[in-house]
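Written out below as structure tokens is the structure these notes cover.
Protein chains in written order, with our numbering: chain A, 3 to 111; chain B, 1175 to 1561.
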């Protein structure tokens, strides 16, 4: 298996808080300068669901799985999940690609 | 802070009102609340209107001013408040603040939404405005999807089963049959529920509330002028609003909503009451699993036992605590901005002893309204003045 793709985050230059979002100011200290950092996109599956009725912009994707994943960095991210047959909460997953900003996770088997 | 009482309530039926404009529904409910209170309109010092998506779905804004004008209210502040599905509960709290603070002696709350005229894609797009679309929205997540995620977490942790969750659906759909304001009361079997269309695994069609049109209204007054009113006054013992995480990945635990937990704690503290004092609750069952999580978050049911209590009938009318005897959002319907005010309407009738699905001897009631992906919450506690 290839190394998981990296997920972009921003680190506050003033207090060092790392956030998985693009923020205008740091929600910990209100600092407004950041460094872009990347964290490894592998982690633990918190939950997932299969979307069968989608918003218009995602209608062509139906059905698709959306998941929540906890990364070892302590961050929780929302992404897509592929190859979910037989998967369970707590499974090890890794991001194999990015679609826009959205990581696409697959189970590590 | 001054004591505040509910002097009058009004509501349209929830459901499909294709022949009515959004302002017409709001005005009907409000006029009913004013008439019931017996309070002169000239004494009303503020109007708060809860609405979520009149702009995207109706091309109409400044609804609060329009409704105030049509009701012939004095030249008072008329304010629309928005907090997605919690818009109505938030409007109620703002009116409570206006009176409790001494700013005015009477304040009108109206909640309204019309949705059924929109196409499914229009309504879905409008509802998705309540999501953090810089983050969660990009993944293709939907609101049913959020509760599918929450269901899996609850099931993994507590062993929650399809049939236990179906007990909530059967109860609320059954309660709706007894409520003339409800959109879709129905007698359902576990088999019918379990064979309905899959929406967002494990969430199925009957686990989801419908899109609805409707309006509800409440007239609040200072307790000092309550003797001038013509109805049985209901004391507002707590009116709380809280914020939770604005995005799904920001929730440290998907099996609970922080905003509900903190709102309930503050409501019990403000009222001086505890969960075991609550006789009847209208809570935010936008999806069946939400009722189970909410009942735990509000402290009404021990953590992890929401599904068990539902399956054992302990949340039915006549059980330990009656949850959603109106039919709830699942069956009464969910005209988004009206829902929180409609919950107050239902509890007021329960406490007056005039509800069509009356909880015997109800003295203390609670409402719970949750907005967005748990970003906004309101909780109120109400009691009969003579209780």
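Glycine included, each C-beta is placed from N, C-alpha and C at the ideal position.
Report task. Assuming residue 1306 of chain B contacts residue 1420 of chain B (C-beta within less than 8 angstroms), just tell me the rounded distance between them. Result -> 5 angstroms
Query - Inter-stretch contact at 8 angstroms, needing at least 3 Cβ pairs: the stretch 1209-1220 of chain B / the stretch 1241-1254 of chain B - result: yes
Requested in this report: State the Cα-Cα distance for the pair residue 1542 of chain B and residue 111 of chain A, rounded to the nearest angstrom.
Outcome: 43 angstroms
Query raised in the report: Between the C-alpha atoms of residue 73 of chain A and residue 1228 of chain B, what's the straight-line distance to the nearest angstrom?
Result: 39 angstroms
**Report entry** Completely contained beta strand (DSSP E) runs for the stretch 18-83 of chain A, where each covers 3 or more residues
**Finding:** 36-42, 44-53, 66-72 and 78-83
Query raised in the report: chain B partners of residue 23 of chain A, CB-CB under 8 angstroms?
Result: 1308, 1309 and 1421
Report task. Reducing DSSP to helix, strand and coil, say where residue 1309 of chain B ends up. Result -> coil
**Report entry** Under 8 angstroms from the C-beta of residue 58 of chain A: neighbouring residues of chain B
**Finding:** 1295, 1298 and 1299
Query raised in the report: For the candidate residues A/96, A/17 and A/34, whose alpha-carbon lies nearest to that of residue 25 of chain A?
Result: A/34
Query raised in the report: If you draw a straight line from the C-alpha of residue 1321 of chain B to the C-alpha of residue 1485 of chain B, how long is it?
Result: 19 angstroms
Query raised in the report: Under a Cβ-count criterion, where at least 16 other Cβ atoms within 10 Å of its own Cβ denotes burial, should residue 14 of chain A be classed as buried or exposed?
Result: buried
Query raised in the report: At a Cβ cut of 7 angstroms, what residues of the stretch 74-108 of chain A count as close to chain B, listed as they run along the chain?
Result: 78, 79, 80, 81, 82, 91, 102, 103 and 104
Query raised in the report: Helix, strand or coil: which one does DSSP assign to residue 1425 of chain B?
Result: coil
Query - Closer than 9 angstroms at the beta carbon, the chain A residues around residue 1374 of chain B - result: 51, 52, 53, 54, 55 and 68
Query raised in the report: In chain order, what residues of the same chain lie with their CB nearer than 8 angstroms to the CB of residue 1478 of chain B, ignoring the 5 residues before and after it?
Result: 1331, 1332 and 1470
Query raised in the report: Are residue 1383 of chain B and residue 1291 of chain B touching if we call contact CB-CB under 9 angstroms?
Result: no
Query raised in the report: Alpha carbon to alpha carbon, what distance is there between residue 1311 of chain B and residue 1278 of chain B?
Result: 41 angstroms
Query - Residues bridged to residue 105 of chain A [DSSP beta-bridge criterion] - result: A/100
**Report entry** Distance, residue 1518 of chain B Cα to residue 1456 of chain B Cα
**Finding:** 8 angstroms
**Report entry** Contacts that residue 1330 of chain B makes with chain A (C-beta to C-beta distance below 7 angstroms)
**Finding:** 91
Query raised in the report: Got a sec: which bits of the stretch 16-48 of chain A sit with their beta carbon under 8 angstroms from any beta carbon on chain B, in order along the chain?
Result: 22, 23, 24 and 48
Requested in this report: Could you tell me which of B/1540, B/1349, B/1473 and B/1354 sits nearest to residue 1490 of chain B, measuring between CA atoms?
Outcome: B/1349
Query raised in the report: Under three-state DSSP, which class holds residue 1302 of chain B?
Result: helix
Query raised in the report: Ends of the beta strand (DSSP E) at residue 1260 of chain B?
Result: Segment: none, residue 1260 of chain B is in no beta strand (DSSP E) and carries neither H nor E.
Query raised in the report: For residue 89 of chain A, which of A/101, A/79, A/69 and A/75 has the nearest alpha-carbon?
Result: A/69
Report task. Just the chain A side, please: which residues come within less than 8 angstroms of residue 1316 of chain B by C-beta, in chain order? Result -> 53, 55, 56 and 57
Query raised in the report: Got a sec? Which residues, its chain only, sit under 6 angstroms from residue 1327 of chain B by beta carbon, not counting five neighbours each side?
Result: 1428 and 1429
Query raised in the report: Comparing alpha-carbon positions, which option in A/81, A/86, A/12 and A/93 lies nearest residue 99 of chain A?
Result: A/81
Query - Unbroken stretches of the alpha helix (DSSP H), 4 residues or longer, contained in the stretch 1190-1267 of chain B - result: 1196-1211, 1228-1232 and 1237-1244
Query raised in the report: Closest Cβ-Cβ distance between residue 1548 of chain B and chain A: below 9 angstroms?
Result: no
Report task. Locate the beta strand (DSSP E) running through residue 1409 of chain B, then write down its first and last residues. Result -> 1408-1417
Query - Pairwise C-alpha distance: residue 1433 of chain B and residue 1303 of chain B - result: 19 angstroms
Requested in this report: Name the residue from B/1415, B/1466 and B/1480 whose alpha carbon lies nearest to the alpha carbon of residue 1264 of chain B.
Outcome: B/1415
Query raised in the report: Taking buried to mean at least 16 other C-beta atoms within 10 Å of its own C-beta, is residue 1209 of chain B buried or exposed?
Result: exposed
Query raised in the report: In three-state DSSP terms, what is residue 1542 of chain B?
Result: strand
Query raised in the report: What residues are listed by DSSP as bridge partners for residue 1387 of chain B?
Result: B/1189
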